[in-house]
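First up is the structure itself, then whatever we jot down about it.
Number of protein chains: 2
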Amino acid sequence: MDLFEVIAEPNRRAILSALLDGNRSVGELVDELPLSQPTVSKHLKVLRTGGFVAAEPVAQRRMYRLQPEQFAEFARWLEPYRATWAGRLDALESHLDDMEDT
Amino acid sequence: MDLFEVIAEPNRRAILSALLDGNRSVGELVDELPLSQPTVSKHLKVLRTGGFVAAEPVAQRRMYRLQPEQFAEFARWLEPYRATWAGRLDALESHLDDMEDT
DNA sequence: GATTAATATGCCTTGACACGTATATTGCTA
DNA sequence: TAGCAATATACGTGTCAAGGCATATTAATC
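Dropping the structure here:
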């Protein structure tokens, strides 16, 4: 599942949004979302595999936290479009420079 | 269909990417993509409805172009996460300021 | 080691959507 | 207005992912 599909799911974005507010256990997320525990766990697996979150065991719980680097991928995709809407040619140029490098 | 679902589809992203390179008619996009004409037209409809592209009739053709403002929605969504990955608290603060305004 | 708590996985059902073929629509041209 | 070119819509089909329920796993405690 690619990056875009991972964040296309509204409940997964809700999980990410909740984690912005601080780290959460699975149970805490279940309390905040209108989803069953297994469904939340599955979404977390997708987010983990996609690199958006990481889990740290604390006793029987697993504390989930954002893994911000992954969001940079999305930012990179957005960059050339950002350049056009902002009318900022510098961003577009840096994008083209990046492409020349490869 | 929400914004994130619109860009979740790889062929739709390919269309957007092609339009970065310059405006295109439907037929030109069909030539560049491994898709039938009806499928391309349907993707364009989704992109149009979502506000990512706009069409201008030129004789029988319709020239499609990017509508960059829509991409700013993603930037807004990304902003608080960007703040965490960059360690830049200023961006996070401006996000929180925005929330206070509403 | 049995019990309970917390989380993960398996299985199944359902709904959404991407696709192609066929056809309708729109607009130009002869 | 007949015919052709370009694009859009209708319809049917297949795939895939999200959801819940049931169950397995992992970890603490008694």
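These protein sequence lines map, in sequence, to chains C and Z. Reminder that position 46 of the first sequence reads as 45 in numbering that gives the first Met the number 0, one-by-one numbering, no gaps. Reminder that position 13 of the second sequence reads as 12 in numbering that gives the first Met the number 0, one-by-one numbering, no gaps. Beta carbons: idealized from backbone N, C-alpha and C, even for Gly.
**Request:** Reducing DSSP to helix, strand and coil, say where residue 35(Z) ends up.
**Result:** coil
**Interface residues of chain C facing residue 77(Z) [CB-CB closer than 9 Å]** = 70, 73, 74 and 77
**Request:** Express the C-alpha separation of residue 7(Z) and residue 30(Z) in angstroms, rounding to a whole number.
**Result:** Roughly 22 Å separates the two Cα atoms.
**Request:** Give the range of the beta strand (DSSP E) segment to which residue 55(Z) is assigned.
**Result:** 52-57
**Message:** With a threshold of 8 Å between beta-carbons, can residue 31(Z) be considered close to chain C, or not?
**Reply:** Look at residue 31(Z): its C-beta is not under 8 Å from any C-beta on chain C.
**Message:** Is the beta carbon of residue 43(C) closer than 8 Å to that of residue 25(C)?
**Reply:** yes
**Item:** Neighbour-count burial assignment, residue 79(C), 16 or more Cβ in a 10 Å radius
**Value:** With 16 or more other Cβ atoms within 10 Å, it is buried.
**Request:** For residue 27(Z), decide whether its Cβ has a neighbour in chain C, counting only Cβ atoms nearer than 8 Å.
**Result:** no
**Prompt:** Touch check for the stretch 68-77 of chain C and the stretch 69-77 of chain Z: three-plus C-beta pairs under 8 Å?
**Reply:** yes
**Item:** Selection of the stretch 6-19 of chain Z by Cβ proximity to chain C, strictly under 9 Å
**Value:** For chain C, the residues of the stretch 6-19 of chain Z that bring a beta carbon within less than 9 Å of one of its beta carbons are 6, 7, 8, 9, 12, 15, 16 and 19, in chain order.
**Item:** Nearest residue (CA-CA) to residue 34(C), options 21(C), 14(C) and 5(C)
**Value:** 14(C)
**Asked** Terminal residues of the continuous beta strand (DSSP E) containing residue 62(Z)?
**Response** 60-65
**Message:** So residue 2(Z) and residue 72(Z) are supposed to be a Cβ contact under 8 Å. How far apart are they, rounded?
**Reply:** With a contact defined as Cβ atoms closer than 8 Å, residue 2(Z) and residue 72(Z) qualify at about 6 Å.
**Prompt:** When the Cα atoms are used, what is the spatial distance from residue 22(Z) to residue 46(C)?
**Reply:** 35 Å
**Item:** Counterpart residues of residue 16(Z) in DSSP-defined beta bridges
**Value:** Paired residue(s): none; residue 16(Z) is not in a bridge.
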